[in-house]
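Residue numbers (numbering that gives the first Met the number 0), protein chains in the order written: chain V, 0 to 230; chain Y, 0 to 83.
Even for Gly, the Cβ is constructed at its ideal location relative to N, Cα and C.
Input: a single structure, listed below in structure tokens.
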Amino acid sequence: MTEPVAGLRSTACEPAAAAPPSGALDADSRRWLDELALEGHARDDAVLRLHELLLRAARHEVSRRRRMLPHLRGDDHDDLAQQAADDALVAVLAKLAEFRGDSRFTTWAYKFALYEAAVKLRRRAWQDRELPLRPDAWPTFASPALSPDEHLAESELLSALRAAIGEQLSAHQREVLVAVTLNGIPIDVLAERLNTTRGALYKTLHDARKKLRRVLAAQGFDLAHGTRENA
Amino acid sequence: MTADERSRLIAALLGPGRRELTCERCFELLDRYVDVELSGGDPDAAVPGMRAHLEGCPACLDDYRSLAAFVTSGEAGEPPEPAA
Numbered sequence: 000m001t002e003p004v005a006g007l008r009s010t011a012c013e014p015a016a017a018a019p020p021s022g023a024l025d026a027d028s029r030r031w032l033d034e035l036a037l038e039g040h041a042r043d044d045a046v047l048r049l050h051e052l053l054l055r056a057a058r059h060e061v062s063r064r065r066r067m068l069p070h071l072r073g074d075d076h077d078d079l080a081q082q083a084a085d086d087a088l089v090a091v092l093a094k095l096a097e098f099r100g101d102s103r104f105t106t107w108a109y110k111f112a113l114y115e116a117a118v119k120l121r122r123r124a125w126q127d128r129e130l131p132l133r134p135d136a137w138p139t140f141a142s143p144a145l146s147p148d149e150h151l152a153e154s155e156l157l158s159a160l161r162a163a164i165g166e167q168l169s170a171h172q173r174e175v176l177v178a179v180t181l182n183g184i185p186i187d188v189l190a191e192r193l194n195t196t197r198g199a200l201y202k203t204l205h206d207a208r209k210k211l212r213r214v215l216a217a218q219g220f221d222l223a224h225g226t227r228e229n230a
Numbered sequence: 000m001t002a003d004e005r006s007r008l009i010a011a012l013l014g015p016g017r018r019e020l021t022c023e024r025c026f027e028l029l030d031r032y033v034d035v036e037l038s039g040g041d042p043d044a045a046v047p048g049m050r051a052h053l054e055g056c057p058a059c060l061d062d063y064r065s066l067a068a069f070v071t072s073g074e075a076g077e078p079p080e081p082a083a
């Protein structure tokens with residue numbers, strides 16, 4: 000069993016302040032909290048119903064992403080959903096005190112099941128596959144050829160961007176940027192292979208993008224409009 | 000490569016370029032964002048920095064779409080639309 004949602008942990012980026020909580024609990028959310036706070040069989044019943052709720056969400060997610068794993072049988076799909084619901088139940092119960100009523104309780108709980116299901120599916124889909132991380136595997140985009148039908152400024156920007164990726168980023172920044180944005184490798188799959196967290200990798204990606212923006216701005220590119228001041 | 004493909008590529012490489020949440024904060028606030036959005040409110044006012052993060056983080060965007068899809072239809076027992 001994985002540590003629930005631990006992969007998200009990081010101190011990445013520039014946190015924006017969240018608005019204050021939306022207000023009082025709705026009746027259904029209050030009922031869930033009250034029943035999960037009971038003892039004995041009453042609590043067991045509430046936990047069982049919570050697991051059923053999470054399993055329904057996990058099964059829905061597995062079904063939604065069925066195309067990712069066409070070789071799996073129906074039993075395998077249900078095993079994945081069961082594992083996701085089990086892990087989500089642990090996470091929800093562990094974080095119950097953190098639920099502040101900013102949403103419906105069920106929406107809050109669903110996200111754990113959907114997250115666990117999605118991570119398991121992405122990892123299963125990429126297991127035994129080599130991740131294209133080698134430096135010579137990037138960039139996969141072609142050199143932009145200029146033509147009357149194309150936007151000159153944007154092609155210039157792409158050329159400069161390509162050079163900056165190669166010359167300004169660290170090897171790790173380049174690897175993460177190329178893997179996630181160009182090669183479509185899910186960030187949690189990459190995090191697992193690199194023995195780090197999704198949050199830490201996103202921090203790397205964020206820093207790489209920030210550096211690229213700074214470099215391009217210094218070259219006169221207006222990134223909001225894709226133009227160049229001294230063009 | 001078409002102009003649209005180039006634009007998408009540049010956007011993916013450079014990211015949103017605005018203040019954004021971390022992945023961890025995104026997960027913490029995702030339920031609120033979705034509930035506000037689906038109840039007709041202004042999710043971007045309720046959760047500043049979420050939209051920018053979803054533009055920059057494919058995995059969190061995926062999580063957002065999953066939650067929104069389930070709360071919109073799956074919760075009511077409707078079969079899922081296959082993910083892209």
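Under 8 Å: do the region 43 to 56 of chain Y and the region 15 to 27 of chain Y share three or more Cβ pairs, one atom per stretch?
Verdict: yes, contact present.
What separation, rounded to the nearest whole angstrom, lies between the Cα atoms of ASP86 (chain Y) and THR106 (chain V)?
The structure shown does not extend to residue 86 (chain Y), since chain Y spans only 0 to 83, so no value can be given for it.
Looking at chain V, is there any beta carbon in it that lies within less than 9 Å of the beta carbon of GLY16 (chain Y)?
Judged by the 9 Å Cβ criterion, GLY16 (chain Y) is in contact with chain V.
Reducing DSSP to helix, strand and coil, say where ASP25 (chain V) ends up.
Three-state DSSP puts ASP25 (chain V) in coil, outside helix and strand.
Contact set between the region 212 to 226 of chain V and chain Y, restricted to residues whose Cβ is under 9 Å from the partner:
Against chain Y - using a Cβ distance shorter than 9 Å - the residues of the region 212 to 226 of chain V are ARG212, LEU215, LEU222, ALA223, GLY225.
Among the candidates V:ASP206, V:ARG208, V:ALA207, V:PRO185, whose CA atom is the shortest distance from the CA of ARG197 (chain V)?
Ranked by Cα distance from ARG197 (chain V), the first of V:ASP206, V:ARG208, V:ALA207, V:PRO185 is V:PRO185.
Flag LEU8 (chain Y) as yes if its beta-carbon sits less than 9 Å from any beta-carbon of chain V, otherwise no.
At a cut-off of 9 Å between beta-carbon atoms, LEU8 (chain Y) makes contact with chain V.
Nearest residue (CA-CA) to THR71 (chain Y), options Y:ALA44, Y:ASP43, Y:ALA58, Y:LEU37
It is Y:LEU37.
Straight-line Cα distance separating GLU115 (chain V) from ASP62 (chain Y)
Using only the alpha carbons, I get a separation of about 10 Å.
Tell me the start and end of each unbroken alpha helix (DSSP H) in the region 32 to 77 of chain Y that is at least 4 residues and wholly inside, in chain order.
Whole alpha helix (DSSP H) segments, 4+ residues: 42 to 45, 49 to 55, 57 to 71.
What is the C-beta distance between LEU66 (chain Y) and ASP30 (chain Y), in whole angstroms, given that I count them as a contact (C-beta under 8 Å)?
So it is a contact: roughly 7 Å between Cβ atoms.
Quick one, which residues of the region 19 to 38 of chain Y are near chain V if we go by CB-CB under 9 Å, in chain order?
Residues passing the 9 Å Cβ filter: GLU19, LEU20, THR21, CYS22, GLU23, ARG24, CYS25, PHE26, GLU27, LEU28, LEU29, ASP30, ARG31, TYR32, VAL33, ASP34, VAL35, LEU37.
Using a Cβ-Cβ distance cut-off of 9 Å, determine whether LEU13 (chain Y) contacts chain V.
True, the Cβ-Cβ gap to chain V drops below 9 Å.
Comparing alpha-carbon positions, which option in V:LEU200, V:HIS171, V:ARG121, V:GLY39 lies nearest HIS76 (chain V)?
Just measuring C-alpha positions, the residue of V:LEU200, V:HIS171, V:ARG121, V:GLY39 sitting nearest HIS76 (chain V) is V:ARG121.
GLU4 (chain Y): buried (16+ other C-beta within 10 angstroms of its C-beta) or exposed?
Exposed: under 16 other Cβ atoms inside 10 Å.
Looking at the structure shown, is LYS94 (chain V) part of a helix, part of a strand, or coil, going by DSSP?
The three-state secondary structure of LYS94 (chain V), taken from DSSP, is coil.
By the DSSP assignment, the alpha helix (DSSP H) with GLY183 (chain V) in it spans what residues?
That residue, GLY183 (chain V), is in no alpha helix (DSSP H); it is neither H nor E in DSSP.
Check each candidate in Y:GLU80, Y:TYR32, Y:GLY39, Y:ALA58 and name the one with the smallest Cα separation from VAL46 (chain Y).
Shortest Cα-Cα distance from VAL46 (chain Y) to any of Y:GLU80, Y:TYR32, Y:GLY39, Y:ALA58 involves Y:TYR32.
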